Amino acid sequence: MLYTGSLSMKVIFGILSSLSAFKIVTEIECIKQEYLYNLIRDACGEPPKFETMKLKGKPKKYYEVGEKIYYECLPGRITVFPVMAYCEQNHSWFPLQEACMKKECDRLALQHGEVVAPNKTFSFDHEAHFYCDEGYYLVGQQVIVCNLRGNDVYWSDNPPQCKKIYCQPPAKINNGKYSNSHRTIFEYNELITYSCNPSQGSDEFSLVGDSKLICVGNNKWSSDPPQCKVVRCEHPVLVNGRLVSGVRETYSYQAVVLFECLPGFYLNGSNPVFCGGRNTWEPEMPTCIKGFKPTHPTKPPVSKYPGYPEPNESALFEELEELDAGIIAVIILTILVGLAVLCTCLYRCLQRKKG
Numbered sequence: 003m004l005y006t007g008s009l010s011m012k013v014i015f016g017i018l019s020s021l022s023a024f025k026i027v028t029e030i031e032c033i034k035q036e037y038l039y040n041l042i043r044d045a046c047g048e049p050p051k052f053e054t055m056k057l058k059g060k061p062k063k064y065y066e067v068g069e070k071i072y073y074e075c076l077p078g079r080i081t082v083f084p085v086m087a088y089c090e091q092n093h094s095w096f097p098l099q100e101a102c103m104k105k106e107c108d109r110l111a112l113q114h115g116e117v118v119a120p121n122k123t124f125s126f127d128h129e130a131h132f133y134c135d136e137g138y139y140l141v142g143q144q145v146i147v148c149n150l151r152g153n154d155v156y157w158s159d160n161p162p163q164c165k166k167i168y169c170q171p172p173a174k175i176n177n178g179k180y181s182n183s184h185r186t187i188f189e190y191n192e193l194i195t196y197s198c199n200p201s202q203g204s205d206e207f208s209l210v211g212d213s214k215l216i217c218v219g220n221n222k223w224s225s226d227p228p229q230c231k232v233v234r235c236e237h238p239v240l241v242n243g244r245l246v247s248g249v250r251e252t253y254s255y256q257a258v259v260l261f262e263c264l265p266g267f268y269l270n271g272s273n274p275v276f277c278g279g280r281n282t283w284e285p286e287m288p289t290c291i292k293g294f295k296p297t298h299p300t301k302p303p304v305s306k307y308p309g310y311p312e313p314n315e316s317a318l319f320e321e322l323e324e325l326d327a328g329i330i331a332v333i334i335l336t337i338l339v340g341l342a343v344l345c346t347c348l349y350r351c352l353q354r355k356k357g
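For the sequence shown, the numbering used here gives the first residue as 3, with consecutive numbering after it.
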């Protein structure tokens, strides 16, 4: 019986001891939770993330008021503002801003030209475009890029140069010459003029093409050299028509003729035509078609061959579109009827006002 009582006391004492230990652990846990709650309530959260910089060290979940953190710039960036922030009393981080900016490649200058930054900056991944002044041409790459290698920036190529435009002497032509032919070099925008030599035969040489050439680019003239040659077109014959202007014995380069059709026929095609550099009439000869002229004739094509006379050189070269007499009569009659109706309306209005 004594043994049983001692055992019971030990069991009770053990239970009490376990309860005390549990109470102590529970109290400690409560204190810990309360501490963490107070800590969270009076702390800043994780530091903000930025595009141009990263946090030094490993981030924590919570930071105490007044605690500082430090950032470092990412490769290819430089510091422009302090890279430090601290936890304020209101549990927010200050300052909240990007503190780094992209590095820029060396500033470029272009003599006799201009350097343009399409993105307004020469930082890495951005381009530089080069343009020369008038009278100069670019030697090198027109566009280069600012690249990043490690933490350093560099241009993808050497900057180009603007060099002065010059032209070599133009080509010599048979039976002709050009002005200042003694020169070995010509400057930008400089002009030369071709002319033909006197002919040794009965027909003179004609200059076919542009007589004036201009140096427009590096060793580039405004057009190909002209030709000096004898140009002769056949006598123009228009079936059911006749020449009314430009009649002569021979037809050389740029000779102009004008036609008209016989009564009962109307002209279809270009009028006038001229003797072109290919010894043919240009544009194609017109034809005389039997019948009456259409009310809305098709406008003849305009030649694009060199030396084609400009419309303002002579009244013969103007394109005339004559109105049919019947159409003119209809127009006049319509105008008269309109005036009569208008006068009648005005007269009636005046009579009503008087009444």
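The beta-carbon is built from N, C-alpha and C at its ideal position, and this holds for glycine as well. Note that the structure is predicted; figures quoted are calculated from it, not measured.
**OP:** Within the same chain, show all residues whose beta-carbon is closer than 7 Å to that of W95, passing over the 5 residues directly before and after it, in chain order.
**Re:** Around W95: C46, P49, P50, A87 and C89.
**OP:** Measure the C-alpha to C-alpha separation of I216 and R244 and round it to an integer number of angstroms.
**Re:** 42 Å
**OP:** Using three-state DSSP, classify G439 as helix, strand or coil.
**Re:** Absent from the structure is residue 439, since the part of the chain shown begins at 3 and ends at 357.
**OP:** State the CB to CB distance for the pair C277 and S254, rounded to an integer number of angstroms; the pair is presumed to be in contact (CB under 8 Å).
**Re:** 6 Å
Original post:
Can you tell which of P162, H184 and Q163 has its C-alpha closest to the C-alpha of Q170?
Top reply: H184
Original post:
I think F124 touches P161, with their Cβ atoms under 8 Å apart; what is that distance to the nearest whole Å?
Top reply: With a beta-carbon spacing of about 11 Å, F124 and P161 fall beyond the 8 Å limit used to define contacts.
Original post:
Where does V145 land, buried or exposed, given buried means 16+ other C-beta within 10 angstroms?
Top reply: exposed
Subject >> Exposure of L338, with buried meaning 16 or more beta-carbon neighbours within 10 Å >> reply: Exposed, because fewer than 16 other Cβ atoms sit within 10 Å of the Cβ of L338.
Original post:
In the DSSP assignment, what residue or residues form a beta bridge with E103?
Top reply: Checking the sequence shown, residue 103 turns out to be Met, not Glu. I80.
Original post:
Between the C-alpha atoms of I167 and E192, what's the straight-line distance to the nearest angstrom?
Top reply: Looking at the two C-alpha atoms, the distance is approximately 11 Å.
Subject >> Candidates T186, C134, K104 and T282: closest to K122 by CA position >> reply: Out of T186, C134, K104 and T282, K104 has the C-alpha closest to the C-alpha of K122.
Subject >> DSSP three-state assignment for T282, whether helix, strand or coil >> reply: coil
Subject >> I291 - partner residues in DSSP beta bridges >> reply: Y268
**OP:** Using alpha carbons as the reference points, say which of D135, I333 and N273 lies closest to C164.
**Re:** D135
Original post:
Which one or two residues does DSSP pair with G243 in a beta bridge?
Top reply: C263
**OP:** Helix, strand or coil for Y349, going by three-state DSSP, please let me know.
**Re:** helix
Original post:
Which same chain residues, not among the five before or five after G293, have their C-beta less than 6 Å away from its C-beta?
Top reply: none
Original post:
Taking C-beta to C-beta, are P274 and W223 nearer than 9 Å?
Top reply: no
**OP:** Mind checking which residues open and close the beta strand (DSSP E) that includes N149?
**Re:** V145 to R151
Subject >> Same chain only: Cβ atoms within 7 Å of L57, ignoring 5 sequence neighbours per side >> reply: Closer than 7 Å at Cβ, skipping near neighbours: P49, I71 and Y73.
**OP:** Go to Y139, then tell me how far its beta strand (DSSP E) extends in each direction, as first and last residue.
**Re:** Y138 to V141
Original post:
Under a three-way DSSP split, which group does L110 fall into?
Top reply: coil
**OP:** Would you tell me roughly how many angstroms separate the C-alpha atoms of C75 and L140, rounded to the nearest one?
**Re:** Within the model, the alpha-carbon separation for C75 versus L140 is close to 38 Å.
**OP:** Could you give the DSSP three-state label for L98: helix, strand or coil?
**Re:** coil
Original post:
Residues in its own chain within less than 6 Å of E324 by CB, not counting five upstream and five downstream?
Top reply: With a pLDDT of only 43 at E324, under the threshold of 50, the placement of this residue in the model should not be trusted; the figure read from the coordinates follows. Answer for E324: no residue qualifies.
Original post:
What is the residue span of the beta strand (DSSP E) that C277 lies within?
Top reply: V275 to C277
**OP:** From the DSSP output, in three-state form, read off M3 for me.
**Re:** Its pLDDT being 42, under 50, M3 is placed unreliably by the model, and the measurement read from it follows with that caveat. Correct three-state label for M3: coil.
Subject >> For C134, three-class secondary structure by DSSP >> reply: strand
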